[in-house]
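Each remark here refers to the structure printed beneath this line.
Protein chains: 2
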Amino acid sequence: MKKRILENSPTRGEVLAKLFAVWQAPVRTEFVSTKDAIGRVLAADAVSLIDDPVVRASKMDGVAVKSEAFKAGIPDASAWALGRDYVRADTGDDFDDAFDAVIAVEEVEFLAGGGLRFLPDTEPVTSGTNVLGTGEKITRGLRLAPKGTRLLAADLTAIAMGAVSEIEVYRRPKAVFIPTGSELTPLGQIPARGQTVCSNTVLAEHLLAEMGAEPLIYPIVRDDPGALRDALAQAAAEADVILFSGGTSKGAEDYTHALLAERGELICHGIASAPGRPLALALMDGKPVVNLAGPPIACFCGLDWCVRAIIDSFFELSPRKRHTVSARLAESIGSPPNFELYIRLSLEKTADGYTARPLSHFGGSPADSMRAEGLYITKLIPEPTEAGDVIEVELMR
Amino acid sequence: MKKRILENSPTRGEVLAKLFAVWQAPVRTEFVSTKDAIGRVLAADAVSLIDDPVVRASKMDGVAVKSEAFKAGIPDASAWALGRDYVRADTGDDFDDAFDAVIAVEEVEFLAGGGLRFLPDTEPVTSGTNVLGTGEKITRGLRLAPKGTRLLAADLTAIAMGAVSEIEVYRRPKAVFIPTGSELTPLGQIPARGQTVCSNTVLAEHLLAEMGAEPLIYPIVRDDPGALRDALAQAAAEADVILFSGGTSKGAEDYTHALLAERGELICHGIASAPGRPLALALMDGKPVVNLAGPPIACFCGLDWCVRAIIDSFFELSPRKRHTVSARLAESIGSPPNFELYIRLSLEKTADGYTARPLSHFGGSPADSMRAEGLYITKLIPEPTEAGDVIEVELMR
Numbered sequence: 044m045k046k047r048i049l050e051n052s053p054t055r056g057e058v059l060a061k062l063f064a065v066w067q068a069p070v071r072t073e074f075v076s077t078k079d080a081i082g083r084v085l086a087a088d089a090v091s092l093i094d095d096p097v098v099r100a101s102k103m104d105g106v107a108v109k110s111e112a113f114k115a116g117i118p119d120a121s122a123w124a125l126g127r128d129y130v131r132a133d134t135g136d137d138f139d140d141a142f143d144a145v146i147a148v149e150e151v152e153f154l155a156g157g158g159l160r161f162l163p164d165t166e167p168v169t170s171g172t173n174v175l176g177t178g179e180k181i182t183r184g185l186r187l188a189p190k191g192t193r194l195l196a197a198d199l200t201a202i203a204m205g206a207v208s209e210i211e212v213y214r215r216p217k218a219v220f221i222p223t224g225s226e227l228t229p230l231g232q233i234p235a236r237g238q239t240v241c242s243n244t245v246l247a248e249h250l251l252a253e254m255g256a257e258p259l260i261y262p263i264v265r266d267d268p269g270a271l272r273d274a275l276a277q278a279a280a281e282a283d284v285i286l287f288s289g290g291t292s293k294g295a296e297d298y299t300h301a302l303l304a305e306r307g308e309l310i311c312h313g314i315a316s317a318p319g320r321p322l323a324l325a326l327m328d329g330k331p332v333v334n335l336a337g338p339p340i341a342c343f344c345g346l347d348w349c350v351r352a353i354i355d356s357f358f359e360l361s362p363r364k365r366h367t368v369s370a371r372l373a374e375s376i377g378s379p380p381n382f383e384l385y386i387r388l389s390l391e392k393t394a395d396g397y398t399a400r401p402l403s404h405f406g407g408s409p410a411d412s413m414r415a416e417g418l419y420i421t422k423l424i425p426e427p428t429e430a431g432d433v434i435e436v437e438l439m440r
Numbered sequence: 044m045k046k047r048i049l050e051n052s053p054t055r056g057e058v059l060a061k062l063f064a065v066w067q068a069p070v071r072t073e074f075v076s077t078k079d080a081i082g083r084v085l086a087a088d089a090v091s092l093i094d095d096p097v098v099r100a101s102k103m104d105g106v107a108v109k110s111e112a113f114k115a116g117i118p119d120a121s122a123w124a125l126g127r128d129y130v131r132a133d134t135g136d137d138f139d140d141a142f143d144a145v146i147a148v149e150e151v152e153f154l155a156g157g158g159l160r161f162l163p164d165t166e167p168v169t170s171g172t173n174v175l176g177t178g179e180k181i182t183r184g185l186r187l188a189p190k191g192t193r194l195l196a197a198d199l200t201a202i203a204m205g206a207v208s209e210i211e212v213y214r215r216p217k218a219v220f221i222p223t224g225s226e227l228t229p230l231g232q233i234p235a236r237g238q239t240v241c242s243n244t245v246l247a248e249h250l251l252a253e254m255g256a257e258p259l260i261y262p263i264v265r266d267d268p269g270a271l272r273d274a275l276a277q278a279a280a281e282a283d284v285i286l287f288s289g290g291t292s293k294g295a296e297d298y299t300h301a302l303l304a305e306r307g308e309l310i311c312h313g314i315a316s317a318p319g320r321p322l323a324l325a326l327m328d329g330k331p332v333v334n335l336a337g338p339p340i341a342c343f344c345g346l347d348w349c350v351r352a353i354i355d356s357f358f359e360l361s362p363r364k365r366h367t368v369s370a371r372l373a374e375s376i377g378s379p380p381n382f383e384l385y386i387r388l389s390l391e392k393t394a395d396g397y398t399a400r401p402l403s404h405f406g407g408s409p410a411d412s413m414r415a416e417g418l419y420i421t422k423l424i425p426e427p428t429e430a431g432d433v434i435e436v437e438l439m440r
C-alpha cells in the first residue's frame with residue numbers, strides 16, 4: 044500500500060525540524076483584560092502593581108488593641124472604650140495607627156458598658172500579634188505568573204490579586220481549515236450512497252481553539268482544482284496557518300498536495316507515522332500549509348503532532364506532554380512496521396492497575412477509536428510489544 | 044481561632060450527604076447543535092443515524108475491478124476499457140455495482156490506450172478485496188457516545204461521524220456569584236489603604252464555566268444588610284445556585300450567613316476542612332445557597348468540593364477525580380489537626396520521580412499558592428506526614 048511514496052519518509056521529529064529550520068512564527072502580542080484571558084499565553088511576566096496589605100490587615104475577626112497595655116499581662120479592660128482603647132478589626136481589615144495588635148473575637152467578651160473582658164486563655168499580645176504588615180501577602184513587583192504561562196482560572200486569579208487588570212499575551216494565530224472532498228456532506232444532511240459526513244470540521248474547530256488558535260472553518264470544497272485554488276487564495280489572505288483535510292494521497296482527484304507543491308515550497312509529503320501517513324507540509328508566502336489526510340483519525344493525528352507544534356510556536360512554547368499512566372497491554376500489538384503507529388486504547392482500572400486494550404481502527408468502529416481514553420505511539424525500533432507488557436499510555440480524556 | 048463555632052463541624056462528605064438528602068437538582072435537558080456542544084454533558088446516548096459506508100467504500104486509492112476476471116490469476120488487462128472493465132475508486136469512494144474489488148493504484152500501470160498492467164506482486168483479488176461494505180465503519184444505531192459524557196472535541200467528532208447534528212444535553216445551571224465586603228475594590232482600580240482587590244470573581248467565573256455552569260457574576264456588595272438582601276432577592280429570581288463570597292465568619296459585618304439562616308434552611312455553618320472552614324450552606328426556595336469564605340484560596344476550596352458537587356448533580360454526575368502522581372514530600376506537613384487541610388504543593392520532576400513541596404498560604408504568597416501545581420488533602424486520621432513520605436498528589440495544571 045502506497046509503498047513507493049512512503050518508504051523512507053521522514054519521522055514526525057524530522058518534519059518539524061525541517062520546518063523550524065526555515066520558518067519561525069512571528070512574535071505578535073497584544074494587551075487584553077485579565078478577566079477575559081482564559082486559555083491565552085502570557086507574553087511577559089505578570090508582576091504585582093501593589094503591596095497587599097497596602098498598610099496592614101488583621102489576620103482574624105477580632106479587636107485591635109494597643110500592645111503596650113499587655114506588657115504586664117492581660118489587663119483589666121472592663122472600663123475600656125471603643126475607639127479609644129480598642130476598635131473592631133475583622134479578617135483583612137486595616138485600623139487606626141494607634142492600635143498595633145489583634146485579639147480574636149473568640150477570646151473577648153463584650154461588656155454592656157462598652158468595656159471588654161479577655162478570656163483567661165488569651166494568647167500573649169505584642170506589637171504585630173495577628174496583624175499582617177505591608178506587602179506580607181503580595182509585594183509590589185512580585186512575579187504573579189511567568190511569561191509562557193497558559194492561563195488557567197488560578198493564574199488569572201493570582202494576577203488579579205496583584206491588581207493587574209491588563210496583561211500582555213501572544214496573539215492567537217488564525218488557522219483556516221478547509222475540508223476537501225466531493226464525497227463529503229455537511230453535518231446536518233444525511234449522506235446518500237457514496238457520501239460521508241464531514242466530521243473533521245468539528246474536530247478541527249475545537250482542537251484548534253483548545254490549542255489557542257482562532258479557527259476559521261471553511262465550507263466543504265469539491266475535488267476541483269479551480270475551487271481548491273480559490274479557497275487557498277482566500278485563506279492566504281486571512282490566515283497565519285492553512286490546513287486542508289483530504290486530497291493528500293494518490294487518488295485521481297487528490298489535487299491539494301499538487302497545488303501546494305506548485306504554489307509553495309514542499310517540506311514533506313508522506314511521514315513515517317500512521318494513521319495520516321500521506322500528510323504534506325509546505326510553506327507558502329511564509330505561512331505553513333498542512334495537508335492532513337481525510338479520515339478523521341488520520342486528521343486527528345496530524346492536528347495532534349504537526350499543527351499543535353506549529354500553533355505552540357506562535358507562543359514560543361513546545362507542545363505539552365499529556366499525563367500518562369502505566370498500563371498492562373491486554374493484546375499483542377506485535378512488531379511495529381518501520382513507521383510509528385498511533386495506537387488508540389481503552390483503559391480499565393483494576394486492582395492491579397490499568398489494563399490497556401487496542402481499539403483497532405481497522406477492526407472496531409472509527410467512532411469508538413476517535414473517543415479512545417488512551418494513546419500509545421509505537422517506537423521506530425522494531426521491538427514487538429506483546430500482551431502483558433507494560434506501556435506508558437497517554438491519557439486522552 | 045474560632046474554636047467554638049468550628050469544633051465538631053461536619054466533614055465535606057457529611058455536608059454533601061446532608062444536602063443531597065433534602066435536595067436534588069431538577070433534571071432539565073435541551074437539544075443543541077452537535078458542533079456547538081463542547082463541554083456540555085450528554086443527557087441521552089448519541090446513536091448513529093446512518094450506516095457508513097452507506098453502500099460500500101474503497102479502502103484505498105486504486106481501481107475497482109470485477110473479481111471474476113481474476114479467478115485464474117492476474118489477467119492481461121492491456122485491452123481493458125475505463126468504465127467497462129474498471130473504474131477509478133479512491134479511498135472512501137463508492138462505485139458501480141458491476142465492480143466488486145479494488146486494486147491499489149501502486150499496483151497498477153495505466154497504459155496509453157486506456158488499458159492497464161498489474162504489477163507482478165499484485166495481491167490475490169476476490170469479491171470484496173479492499174472494499175468496506177455497508178456499515179462496516181459505523182452501523183446505524185451504534186452508540187457513538189453514552190449518556191453522561193462530558194463532550195470533548197473527540198466525542199463531538201464521533202457523534203458527527205454518525206450524522207447526528209443535534210443532541211440532547213443537560214441545561215447549564217445558572218450560578219450567581221456575589222462578592223461581598225466593604226474592603227473590596229473591583230479589578231481595574233488600585234486599592235487604597237484598607238482595601239483589597241476582588242479577585243474571587245475572576246476565579247468563580249472561570250471555574251464555574253469549566254464545571255459547565257452559566258456564571259452570572261454580580262458587582263461587589265458592601266457589608267450592608269439591606270444591600271445583601273437586595274442582591275439575594277435578585278439572585279433568587281434568576282439563579283439555580285447562589286454563591287456568596289465573604290461575610291461568612293464572625294466579623295462584626297459578617298451578615299451573609301445570618302441572612303441565609305433567616306431566609307433559608309441552614310444545612311451547615313463551618314466545616315472540618317481548611318482553608319474555607321467557615322463555609323455556610325443553606326437551601327432557600329429549593330435552591331442551594333453557598334456562602335464561601337472570602338480569601339481567594341478559601342474561596343477556591345469551597346468552589347472545588349462543594350459547588351462542583353452541586354453543579355455536577357445537575358448533570359446526574361459525581362465530581363471527577365483529578366489525575367494524580369506519587370511524589371516524595373520535601374518537608375514535613377506534621378500532624379494534621381482534626382480537620383482536613385488542603386495543602387498546595389510545588390512539584391519537581393527528578394530522576395527518582397516527583398518531589399512535592401508545600402506552598403504554605405501562611406508563609407509564601409497566596410498568589411503563588413493559588414497557582415500551585417499539586418494538591419494534597421490531609422486525612423482526618425491524625426497520622427503525621429513527614430519529609431520523605433510518599434503521597435498521592437492531585438495535578439492542578
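Chains as they are written, first to last, in the working numbering: chain A, 44 to 440; chain B, 44 to 440. Ideal Cβ positions, reconstructed from N, Cα and C, are used throughout, including at glycine. All values derive from a computational prediction rather than experimental measurement.
Any beta carbon from chain B within less than 9 Å of G135 of chain A's own beta carbon?
Taking the first residue of the first sequence as 1, we reach residue 135 of chain A at position 92. Yes, G135 of chain A counts as interfacial toward chain B.
Please check if any C-beta of chain B sits within less than 9 Å of the C-beta of T182 of chain A.
The residue labelled residue 182 of chain A in the question sits at position 139 within the first sequence. Taking Cβ atoms only, chain B reaches closer than 9 Å to T182 of chain A, which makes this a yes.
Would G241 of chain A pass as an interface residue toward chain B - the criterion being a Cβ-Cβ separation below 9 Å?
Position 198 of the first sequence, counted from the first residue, corresponds to residue 241 of chain A. What sits at residue 241 of chain A in the sequence shown is Cys, not Gly. Cβ-Cβ to chain B under 9 Å: yes for C241 of chain A.
Strictly under 9 Å for the Cβ-Cβ distance: is V97 of chain A near chain B by that measure?
Numbered from 1 along the first sequence, position 54 holds the residue referred to as residue 97 of chain A. Cβ-Cβ to chain B under 9 Å: yes for V97 of chain A.
Beta-carbon of A201 of chain A versus every beta-carbon of chain B: anything under 9 Å?
Taking the first residue of the first sequence as 1, we reach residue 201 of chain A at position 158. By this cut-off, A201 of chain A is an interface position.
Name the chain A residues whose beta carbon is nearer than 8 Å to that of T77 of chain B?
Residue 77 of chain B sits at position 34 when you count from the first residue of the second sequence. By Cβ distance, chain A contributes L230, V245.
With 9 Å as the threshold, decide whether the Cβ of M44 of chain A is near any Cβ in chain B.
Against the first sequence, residue 44 of chain A aligns to sequence position 1. Because the pLDDT of M44 of chain A is 38, which lies under 50, any placement of that residue in the model is unreliable, and the question is left without a value.
Count the other CB atoms, across all protein chains shown, that sit within 10 Å of the CB of F343 of chain B; report buried if there are 16 or more and exposed otherwise.
Here residue 343 of chain B corresponds to residue number 300 of the second sequence, with the count starting at 1. So F343 of chain B ends up on the buried side.
Run through chain B and tell me which residues come within less than 9 Å of L438 of chain A, C-beta to C-beta.
Translated into positions along the first sequence, residue 438 of chain A becomes position 395. Here the neighbours are H366.
Could you check the C-alpha separation between E305 of chain A and V240 of chain A for me, to the nearest Å?
Taking the first residue of the first sequence as position 1, residue 305 of chain A is located at position 262. Taking the first residue of the first sequence as position 1, residue 240 of chain A is located at position 197. Approximately 29 Å between the Cα atoms of the pair.
State yes or no: is the beta carbon of Q277 of chain B nearer than 9 Å to at least one beta carbon in chain A?
In the second sequence, the residue the question calls residue 277 of chain B occupies position 234. Taking Cβ atoms only, chain A never reaches closer than 9 Å to Q277 of chain B, which makes this a no.
Do you know whose CA, among A:T134, A:D128, A:V151, lies nearest D140 of chain A's CA?
Locating residue 140 of chain A in the first sequence gives position 97, counting from the first residue. Selected option, being the one with the closest Cα: A:D128.
If we cut at 9 Å on Cβ distances, does L360 of chain B have a partner in chain A?
Counted from its first residue, the second sequence places residue 360 of chain B at position 317. Not closer than 9 Å to any Cβ of chain A, the Cβ of L360 of chain B fails to qualify, so no.
Would you tell me roughly how many angstroms separate the C-alpha atoms of A124 of chain A and G158 of chain A, rounded to the nearest one?
Position 81 of the first sequence, counted from the start, is the residue given in the question as residue 124 of chain A. Position 115 of the first sequence, counted from the start, is the residue given in the question as residue 158 of chain A. Approximately 6 Å between the Cα atoms of the pair.
Select from A:T291, A:R351, A:I146, A:F74 the residue whose C-alpha is nearest the C-alpha of V249 of chain A.
Position 206 of the first sequence holds residue 249 of chain A. Contrary to the premise, residue 249 of chain A reads as His rather than Val in this sequence. With distances taken between Cα atoms, H249 of chain A lies closest to A:R351.
For the candidate residues A:A270, A:K190, A:T172, A:H366, whose alpha-carbon lies nearest to that of S110 of chain A?
Within the first sequence, residue 110 of chain A is the residue found at index 67, counting from 1. Of the candidates A:A270, A:K190, A:T172, A:H366, the one whose C-alpha sits nearest the C-alpha of S110 of chain A is A:T172.
Excluding the five sequence neighbours on either side, which residues of its own chain have a C-beta within less than 6 Å of the C-beta of K45 of chain A, listed in chain order?
Position 2 of the first sequence holds residue 45 of chain A. Its pLDDT being 42, under 50, K45 of chain A is placed unreliably in this model, and the value from its coordinates should be taken loosely. Within the same chain, K45 of chain A has no close Cβ partners at all.
Tell me whether L162 of chain A is buried or exposed, calling it buried when 16 or more other Cβ atoms sit within 10 Å of its Cβ.
For this step, residue 162 of chain A is matched to residue 119 along the first sequence. L162 of chain A should be labelled exposed.
Using a Cβ-Cβ distance cut-off of 9 Å, determine whether S403 of chain B contacts chain A.
If you number the second sequence from 1, residue 403 of chain B lands on position 360. No, its Cβ sits nowhere closer than 9 Å to a Cβ of chain A.
Can you check whether the CB of I260 of chain A is closer than 9 Å to the CB of A247 of chain A?
On the first sequence, position 204 is the one that residue 247 of chain A refers to. On the first sequence, position 217 is the one that residue 260 of chain A refers to. Yes, Cβ-Cβ distance for A247 of chain A and I260 of chain A is below 9 Å.
Looking at the secondary structure, which residues open and close the alpha helix (DSSP H) in which A278 of chain B lies?
Numbered from its first residue, the second sequence carries residue 278 of chain B at position 235. A278 of chain B -> alpha helix (DSSP H) spans 268-281.
Quick check: the segment 64-81 of chain B against the segment 213-226 of chain B, are at least 3 beta-carbon pairs closer than 8 Å?
Yes, the segment 213-226 of chain B touches the segment 64-81 of chain B.
Check whether the segment 314-326 of chain B touches the segment 371-385 of chain B, taking contact to mean three or more Cβ pairs, one atom from each stretch, closer than 8 Å.
With a cut-off of 8 Å, the segment 371-385 of chain B and the segment 314-326 of chain B count as touching, because enough Cβ pairs lie within range.
Rounding to the nearest angstrom, what Cα-Cα distance links I420 of chain B and R265 of chain B in this structure?
What you label residue 420 of chain B is simply residue 377 of the second sequence in a count that begins at 1. What you label residue 265 of chain B is simply residue 222 of the second sequence in a count that begins at 1. Distance between the alpha carbons of I420 of chain B and R265 of chain B is about 33 Å.
What number of angstroms, rounded off, separates the C-alpha of L418 of chain B from the C-alpha of P409 of chain B?
Position 375 of the second sequence, counting from 1, holds the residue named residue 418 of chain B. Position 366 of the second sequence, counting from 1, holds the residue named residue 409 of chain B. The straight-line gap from Cα to Cα measures roughly 14 Å.
So which residues on chain A does P409 of chain B lean against when the C-beta distance must stay under 9 Å?
Indexing the second sequence from 1 puts residue 409 of chain B at position 366. Under the 9 Å cutoff, chain A gives D95, K180, I181, A201, M204.
Use the C-beta contact count for P167 of chain A: other C-beta atoms within 10 angstroms, 16 or more gives buried, fewer gives exposed.
Here residue 167 of chain A refers to the residue found at position 124 when the first sequence is read from its first residue. With fewer than 16 other Cβ atoms within 10 Å, it is exposed.
Just to confirm my understanding: we take Y298 of chain B, look at its own chain, exclude 5 residues before and 5 after, and list those with CB closer than 7 Å. What are they?
Mapped onto the second sequence, residue 298 of chain B falls at position 255. Excluding residues within five positions, the ones whose Cβ falls inside 7 Å are D266, P268, L271, G290.
Mind pulling the chain B residues with CB within less than 8 Å of E296 of chain A?
Taking the first sequence and counting its residues from 1, one reaches residue 296 of chain A at position 253. Result: D133.
Could you run through the segment 98-129 of chain A and flag, in chain order, every residue whose CB is less than 8 Å away from some CB of chain B?
Those residues of the segment 98-129 of chain A that come within reach of chain B (Cβ to Cβ, closer than 8 Å) are V98, A100, M103, D104.
Starting from L92 of chain B, find everything on chain A with Cβ-Cβ shorter than 8 Å and list it in chain order.
Your numbering for residue 92 of chain B matches position 49 in the second sequence. I233, listed in chain order.
Span of the alpha helix (DSSP H) holding C344 of chain A?
Within the first sequence, residue 344 of chain A is the residue found at index 301, counting from 1. Residues 339-345.
Excluding five sequence neighbours on each side, which residues of the same chain lie with their C-beta closer than 6 Å to the C-beta of V148 of chain A?
For the purposes of this step, residue 148 of chain A is taken as the residue at position 105 of the first sequence. Excluding sequence neighbours, V148 of chain A sits near D104, G105.
Got a sec: is the Cβ-Cβ distance from S208 of chain B to anything in chain A below 9 Å?
Counting from one through the second sequence, the residue named residue 208 of chain B turns up at place 165. So, interface residue.
For I420 of chain A, would you say it is in contact with chain B, using Cβ-to-Cβ distances shorter than 9 Å as the test?
Within the first sequence, numbered from 1, the residue matching residue 420 of chain A stands at position 377. By this cut-off, I420 of chain A is not an interface position.
According to DSSP, simplified to helix, strand and coil, what is K422 of chain B?
Position 379 of the second sequence, counted from the start, is the residue given in the question as residue 422 of chain B. Of the three classes helix, strand and coil, the one that applies to K422 of chain B here is coil, per DSSP.
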